[in-house]
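Enquirer: First, the structure itself, so that you have it in front of you.
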Amino acid sequence: MVKKFLIMMVVSLFVLTACNGETEDEEVETVTSVETEEVTVDDFSVTKNFTARSMPNDQAPVMAEAAGEVEEVFVSRGDEVEEGDVIVEYTSQYGLMEIESPIDGLVQELDAKEGRMVTTEEPQAVIIGADPLVFHFQLTATNRELISVADEVDFEISQANEEGEAEITYIASTAGENGLFDIEAEVEQPDDAIPSGLTAQIKIDDVIETDTFIVPTEAIVERGADQFIYLVEDEQATRIDVDVISMQSAYTAIESKEEDMLQEGDAVITRGQLTIDDGQTVRIVEED
Numbered sequence: 000m001v002k003k004f005l006i007m008m009v010v011s012l013f014v015l016t017a018c019n020g021e022t023e024d025e026e027v028e029t030v031t032s033v034e035t036e037e038v039t040v041d042d043f044s045v046t047k048n049f050t051a052r053s054m055p056n057d058q059a060p061v062m063a064e065a066a067g068e069v070e071e072v073f074v075s076r077g078d079e080v081e082e083g084d085v086i087v088e089y090t091s092q093y094g095l096m097e098i099e100s101p102i103d104g105l106v107q108e109l110d111a112k113e114g115r116m117v118t119t120e121e122p123q124a125v126i127i128g129a130d131p132l133v134f135h136f137q138l139t140a141t142n143r144e145l146i147s148v149a150d151e152v153d154f155e156i157s158q159a160n161e162e163g164e165a166e167i168t169y170i171a172s173t174a175g176e177n178g179l180f181d182i183e184a185e186v187e188q189p190d191d192a193i194p195s196g197l198t199a200q201i202k203i204d205d206v207i208e209t210d211t212f213i214v215p216t217e218a219i220v221e222r223g224a225d226q227f228i229y230l231v232e233d234e235q236a237t238r239i240d241v242d243v244i245s246m247q248s249a250y251t252a253i254e255s256k257e258e259d260m261l262q263e264g265d266a267v268i269t270r271g272q273l274t275i276d277d278g279q280t281v282r283i284v285e286e287d
């Protein structure tokens with residue numbers, strides 16, 4: 000019995016020694032997979048949104064030259080007409096007369112009906128010019144300084160599922176009674192896709208910092224009072240402490256706390272940065 004116990008002890012010691020040897024020999028360095036984007040240098044802007052109203056660029060009443068009775072109406076509300084198109088034909092003391100459209104546009108209002116009397120005081124129709132379409136909005140004095148006539152601004156109209164660029168055509172030189180400046184922008188729309196009277200969002204960029212380093216906001220790591228990013232250099236994560244100049248949801252303007260530690264084109268880690276440390280080995284993978 001004693002002999003058997005001694006044999007088991009020897010075997011146990013041998014196995015334990017072998018296991019310890021394997022543990023020491025199998026120390027494997029951890030490699031973390033990360034995703035990166037390039038650091039860019041550009042002007043950093045904040046996009047400001049302003050509410051505007053879409054309006055016709057012109058509005059013209061269609062008037063009769065003499066009183067009479069309507070014989071025939073050639074258009075309907077919503078029809079597109081050109082300058083000179085006959086809108087109404089009527090009989091007056093001067094014989095058969097015509098009322099023509101004074102501008103290119105759309106028939107917004109139509110009061111003329113066959114057999115109805117016409118006068119020289121009330122319009123028989125109203126034509127609006129829909130191309131170009133005008134956006135009207137107002138800005139404070141500070142925001143007015145962000146734009147100039149002929150600038151292009153982005154617009155979005157969710158009601159019509161339309162977006163694009165409009166050109167600033169008018170900036171009031173004096174403020175109204177509410178202290179705001181009237182602004183107008185125009186967009187060409189030969190197909191009249193955007194109706195008048197809709198609410199639009201006008202987007203104007205306000206440059207916060209010029210020629211600054213820009214990184215994805217998700218690359219910023221915050222630990223206590225420290226803010227930093229990780230760059231990939233020679234397959235290792237390198238911590239760079241930074242000051243945040245301005246942060247937006249997608250991108251952030253930063254500057255390095257140490258001179259020449261950050262360069263345009265550097266690979267900044269945007270995925271996996273929360274689980275690594277300075278000097279850790281990393282492997283760059285492409286975004287799914």
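Just so you know, we're using my numbering here: the sequence shown kicks off at 0 and counts up by one. We put the beta carbon where it would ideally sit given N, CA and C, even for glycine.
1) Where does alanine 199 fall in DSSP's three states?
2) Looking at the unbroken alpha helix (DSSP H) that takes in asparagine 160, where does it start and where does it end?
3) Measuring CA to CA, which of Thr251, Gln188 and Glu162 is closest to valine 40?
4) Pull up the distance between the alpha-carbon of valine 72 and that of alanine 111, whole angstroms please.
5) Glutamine 92: buried (16+ other C-beta within 10 angstroms of its C-beta) or exposed?
6) Is alanine 59 near isoleucine 126, with beta carbons less than 7 Å apart?
7) I'd like to confirm the pairing. Which residues does DSSP put opposite glutamine 58 in its beta bridges?
8) According to DSSP, glutamate 335 sits in a beta bridge with which residue or residues?
9) For lysine 256, which residues in the same chain have their Cβ closer than 7 Å to its Cβ, ignoring the five residues on either side in sequence?
10) Look up leucine 145 in the DSSP assignment and give the residues it is bridged to.
11) Quick test of your reading: isoleucine 203 and isoleucine 146, contact by CB under 8 Å. State the CB separation rounded to the nearest angstrom.
12) Just how far apart, CA to CA, sit glutamine 279 and glutamate 254?
13) Return the first residue and the last residue of the beta strand (DSSP E) that valine 38 is part of.
14) Leaving aside the five residues before and after glycine 67 along the sequence, list all residues of the same chain whose C-beta is less than 6 Å from its C-beta, in chain order.
15) Taking just the CA atoms, how far does glutamine 247 sit from isoleucine 292?
16) CB valine 74 to CB isoleucine 86, shorter than 7 Å?
17) DSSP three-state call for leucine 179: helix, strand or coil?
18) Give the straight-line distance between the Cα atoms of phenylalanine 13 and valine 267, rounded to the nearest whole angstrom.
19) With respect to the beta strand (DSSP E) encompassing glutamine 279, which residues constitute its N-terminal and C-terminal limits?
20) Applying the 10 Å Cβ sphere with the 16-neighbour rule, what's the burial state of leucine 138?
21) Put arginine 270 into one of helix, strand or coil per three-state DSSP.
22) On a CA-only basis, which of Val152, Asp42 and Thr141 is nearest leucine 179? Give me that one, please.
23) Apply the 10 Å Cβ neighbour rule to serine 172 and answer buried if 16 or more other Cβ atoms are within range, or exposed otherwise.
24) Taking the straight line between their C-alpha atoms, what separation do you get for isoleucine 283 and glutamate 34?
25) Can you tell me which of the three DSSP states alanine 236 falls into?
26) Isoleucine 170 bridges to which residues according to DSSP?
27) How big is the Cα-Cα spacing for arginine 52 and proline 131?
28) Could you name the residues of the same chain whose beta carbon sits closer than 8 Å to that of proline 215, not counting the 5 residues immediately before and after it, in chain order?
29) Would a C-beta distance cut-off of 7 Å place glutamate 183 and valine 133 closer than the cut-off?
30) With a Cβ-Cβ cutoff of 7 Å, do isoleucine 170 and aspartate 150 count as a contact?
Expert: The structure says:
1) In the three-state scheme derived from DSSP, where H, G and I count as helix and E and B as strand, alanine 199 is classed as strand.
2) In the DSSP assignment, asparagine 160 falls outside any alpha helix (DSSP H), carrying neither H nor E.
3) Nearest of Thr251, Gln188 and Glu162 to valine 40, Cα basis: Thr251.
4) Alanine 111 has its alpha-carbon roughly 7 Å from the corresponding atom of valine 72.
5) Answer is exposed; the Cβ neighbour count stays below 16.
6) Going by C-beta atoms, alanine 59 is nearer than 7 Å to isoleucine 126.
7) According to DSSP, glutamine 58 bridges with Ile127.
8) In the structure as shown, the chain begins at 0 and stops at 287. Residue 335 is therefore absent and cannot be evaluated.
9) Answer for lysine 256: Asp240, Val241 and Asp242, listed in chain order.
10) Answer is none; leucine 145 lacks a bridge partner.
11) So it is a contact: roughly 6 Å between Cβ atoms.
12) Cα to Cα, the separation comes out at about 23 Å.
13) Per DSSP, valine 38 belongs to no beta strand (DSSP E) and is neither H nor E.
14) Only Tyr89, Thr90, Ser91 and Val117 meet the Cβ criterion.
15) Residue 292 is absent from the model: the chain starts at 0 and stops at 287.
16) In contact: valine 74 and isoleucine 86 (Cβ atoms closer than 7 Å).
17) Correct three-state label for leucine 179: coil.
18) Confidence is the limiting factor: at phenylalanine 13 the pLDDT is only 47, short of 50, which leaves the residue's position unreliable and the question unanswerable from this model.
19) Segment: none, glutamine 279 is in no beta strand (DSSP E) and carries neither H nor E.
20) Under a 10 Å Cβ-count criterion, leucine 138 is classified as buried, with 16 or more other Cβ atoms of the shown protein chains found around its own Cβ.
21) Taken through DSSP and simplified to helix, strand or coil, arginine 270 comes out as strand.
22) Comparing alpha-carbon positions, the option among Val152, Asp42 and Thr141 lying closest to leucine 179 turns out to be Thr141.
23) Exposed is the call here.
24) Near 6 Å, if we compare the C-alpha coordinates of glutamate 34 and isoleucine 283.
25) For alanine 236, the three-state secondary structure derived from DSSP is strand.
26) Beta-bridge analysis with DSSP links isoleucine 170 to Ile182.
27) Taking the Cα positions, arginine 52 is about 14 Å away from proline 131.
28) Excluding positions up to five away in sequence, the list reads Glu36, Ala249, Tyr250, Thr251, Val267 and Thr269.
29) Contact: yes.
30) Their beta carbons are not under 7 Å apart, which means isoleucine 170 does not touch aspartate 150 by this criterion.
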